[in-house]
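Read through the structure below, which is laid out as structure tokens, and then see the notes.
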Amino acid sequence: MSYKNYPMVARIVFGRGSFNQLEELLEPKRSHIDAPFIFIVDSVFKGNAWLTGRIPLKYDDKIIYASADEEPKTSQIDELVEQIILDTKQKPSGIIGIGGGTILDIAKAVSIMIKNPGSSSEYQGWDLVKNPSIYHVGIPTISGTGAEVSRTTVLTGPKLKLGINSDYTPFDQVVLDPELTKGVPKDQWFYTGMDCYIHCIESLNGTFLNAFSQSYGEKALELCKAIFVEDKYTTEEAQDQLMMASWHGGMSIAYSQVGVAHAMSYGLGYLLGTKHGIGNCIVFNHLEEFYPEGVALFKQMKEKHNITLPQGICNGLSDSDFDTMINVALSLEPLWENALGKNWKKTITREKLKGLYKKM
Ligand code: NAD
Ligand code: ZN
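Just so we're aligned, residue 1 is where the sequence shown starts under this note's numbering, counting upward by one.
Next up, the structure:
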């Protein structure tokens with residue numbers, strides 16, 4: 001048995017208003033006045049002076065607004081990298097992502113691809129990246145994915161929706177300022193928050209579970225329950241606590257894996273463009289047989305917060321569409337092995353998955 005030696009986020013700032021310290025964090029990392037910082041910012045913040053007015057631009061530093069309407073694609077990353085290389089006199093001093101999981105993943109992928117040749121699609125998988133990424137900073141504005149702490153950046157490529165999992169993926173610096181999440185719409189708060197909840201359930205009920213993952217998973221689950229079931233906190237406290245739940249949930253899956261909901265949700269995402277948070281909710285809602293307690297509590301939370309999930313999203317799909325989703329889902333072998341053990345192929349057949357997708 002050989003144990004994995006994982007890198008972690010090197011530096012972290014936590015606190016309401018800590019975003020104001022961005023300049024003092026970045027300036028020592030500027031390699032040259034011709035080597036700018038590139039801020040990749042969710043376009044939802046365009047024109048929002050409260051946030052963008054605090055981005056410390058100097059010299060050739062640039063803001064690039066990116067939409068989170070669709071999840072990141074390898075082609076999008078390749079274009080962004082080309083644009084950045086063409087537009088800057090020297091390789092950038094760093095990439096700073098400000099937004100949700102979508103934007104954080106774009107920032108991670110761009111920072112890798114600035115230093116690695118070819119297309120980002122060539123690096124989807126595990127440990128395929130050869131050269132270290134450039135300095136990159138993650139500043140989440142919505143909580144739940146754990147993308148701020150994880151060792152992956154999830155991209156949709158020509159063949160698969162699959163992460164670039166590598167030692168060069170984690171951020172060098174993260175700024176956790178819960179105040180930045182204040183404008184998140186209620187439904188989205190629930191969907192992305194449930195991503196964290198589902199990370200906990202899949203990690204804690206997985207065969208890969210170990211004391212490391214359990215310690216983080218249990219803490220994240222406790223916080224999710226306090227926020228989504230028990231209403232234990234004021235609005236501001238809940239923002240703080242959900243940001244920490246996201247962090248712990250991400251740490252929990254770092255040393256284990258996610259499971260059935262994520263595998264099947266990636267299939268939906270690949271074929272239909274269903275986004276991660278809502279896609280996980282749509283799938284998880286039908287997974288009683290795998291996670292009975294987790295799904296029961298999920299339904300309770302959904303009810304409590306008046307969330308109505310889309311239904312019938314697989315109606316009218318062709319056999320080849322189902323095949324596409326099933327191929328994506330089944331390609332994620334470590335997720336199935338975590339969920340069901342080494343012999344998962346005995347119970348998870350293509351027909352089984354088709355039956356589940358048809359319910360959604
Ligand atoms: P998101 O980044 O897709 O954003 C969801 C919506 O919320 C968008 O419309 C966005 O504009 C909006 N939004 C974000 N912050 C806001 C704010 N403060 N105020 C108002 N609106 C705001 O959401 P997400 O759920 O955080 O991220 C999903 C993505 O994360 C997917 O692409 C998924 O693949 C990825 N993901 C990555 C990892 C990882 O470890 N790398 C883990 C899980 C999910
Ligand atoms: Zn997730």
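Think of the CB as a built atom: it goes at the ideal place given N, C-alpha and C, for glycine as much as any other residue.
Q: Ignore the nearest five residues each way along the sequence and tell me which others in G144's own chain have a CB closer than 6 Å to its CB.
A: T192, G193, D195, C196 and S246.
Q) What three-state label does DSSP hand Q241 in the structure shown? A) Residue state, collapsed to three classes: helix.
Q: Give me the Cβ distance between H136 and F171, rounded to the nearest whole Å; I'm assuming they're in contact under 8 Å.
A: Going by Cβ atoms, the distance from H136 to F171 rounds to 6 Å, so yes, they are a contact pair.
**Q.** Buried or exposed (CB count within 10 angstroms, at least 16 for buried), N315
**A.** Exposed, because fewer than 16 other Cβ atoms sit within 10 Å of the Cβ of N315.
(Q) A147 and L104 - do their beta-carbons sit closer together than 8 Å? (A) Judged by their CB atoms, L104 and A147 are nearer to each other than the 8 Å cut-off.
Q) Terminal residues of the continuous beta strand (DSSP E) containing D42? A) F37 to D42 is the span of the beta strand (DSSP E), which, as asked, contains D42.
Q. Who are P140's beta bridge partners in DSSP?
A. In the DSSP output, where bridge partners are listed per residue, P140 has G99.
Q. Would the beta-carbon of V149 be found less than 7 Å away from any heavy atom of ligand 4?
A. The model on display carries ligand 1 and ligand 2 but not ligand 4.
Q | Assigned exposure category for L26 - 16 Cβ within 10 Å defines buried | A | By the Cβ neighbour-count rule, L26 is buried, with 16 or more other Cβ atoms within 10 Å of its own.
Q. If we ignore side chains and look at the alpha-carbon of each, how far apart do I12 and Q173 end up?
A. Using only the alpha carbons, I get a separation of about 6 Å.
Q) Looking only at DSSP bridge pairs, what is F14 linked to? A) In DSSP, F14 forms a bridge with L176.
Q) What distance in whole Å lies between the Cβ atoms of G267 and A329, which are believed to be in contact at a cut-off of 8 Å? A) Yes, they are in contact, since the Cβ atoms of A329 and G267 sit about 4 Å apart, within 8 Å.
Q | Same chain only: Cβ atoms within 7 Å of I99, ignoring 5 sequence neighbours per side | A | It should be pointed out that residue 99 corresponds to Gly in this sequence rather than to Ile. Counting only Cβ-Cβ distances below 7 Å, and skipping sequence neighbours, we find V41, D42, A68 and T141.
Q) Under 7 Å from any heavy atom of ligand 2, does the C-beta of V258 make it? A) Yes - ligand 2 has a heavy atom lying nearer than 7 Å to the Cβ of V258.
**Q.** Collapsed DSSP secondary structure at A211 in the structure displayed
**A.** In the three-state reduction of the DSSP assignment, A211 falls in the helix class, which pools H, G and I.
Q. What are the partner residues of T156, as DSSP defines its beta bridges?
A. In the DSSP assignment, T156 is bridged to K73 and K161.
Q | Cβ contact (3+ pairs, closer than 8 Å) linking the segment 75-85 and the segment 9-24 | A | Using a Cβ-Cβ distance cut-off of 8 Å, the segment 75-85 and the segment 9-24 are not in contact, since fewer than three pairs of beta carbons, one from each stretch, lie closer than that value.
Q. Does the beta-carbon distance from L223 to Q241 come in below 8 Å?
A. Judged by beta-carbon spacing, Q241 lies within the 8 Å limit of L223, meaning their Cβ atoms are closer than that value.
Q: State yes or no: is the C-beta of M264 within less than 8 Å of the C-beta of V283?
A: Result yes, Cβ atoms of M264 and V283 sit closer than 8 Å.
Q | Heavy atom of ligand 1 within 7 Å of E71 beta-carbon | A | At least one heavy atom of ligand 1 falls within 7 Å of the beta-carbon of E71.
**Q.** Proximity winner among K4, I38, I112 and L180, relative to L51 (alpha-carbon distances)
**A.** Checking every option, the nearest Cα to that of L51 belongs to L180.
Q | Limits of the unbroken beta strand (DSSP E) element including A66 | A | DSSP places A66 in the uninterrupted beta strand (DSSP E) bounded by K62 to A66.
Q: Mind reading off the beta-carbon distance from H276 to E70? Whole number of angstroms is fine, and I expect it under 8 Å.
A: The Cβ separation is near 11 Å, so there is no contact.
(Q) Within 10 Å of its beta-carbon, does Q90 have 16 or more other beta-carbons around it, so buried, or fewer, so exposed? (A) Classification for Q90: exposed.
Q: Tell me, please, which residues DSSP counts as bridged to W126.
A: Bridge partners of W126: N165.
(Q) Cutting at 8 Å between CB atoms, please list the residues of its own chain near I348, excluding the five before and the five after it. (A) Contacts found: L330, W336 and L340.
Q. Just to check, is the beta-carbon of H248 closer than 7 Å to a non-hydrogen atom of ligand 2?
A. Remark: the C-beta of H248 is outside contact range of ligand 2, defined as less than 7 Å to any heavy atom.
Q) alpha helix (DSSP H) containing A329: first to last residue? A) In the DSSP annotation of this structure, the continuous segment of the alpha helix (DSSP H) that includes A329 starts and ends at D319 to S331.
Q.
Between which residues of its own chain and R350 is the CB-CB distance below 7 Å, once the five residues before and five after are set aside?
A. Contacts found: I326.
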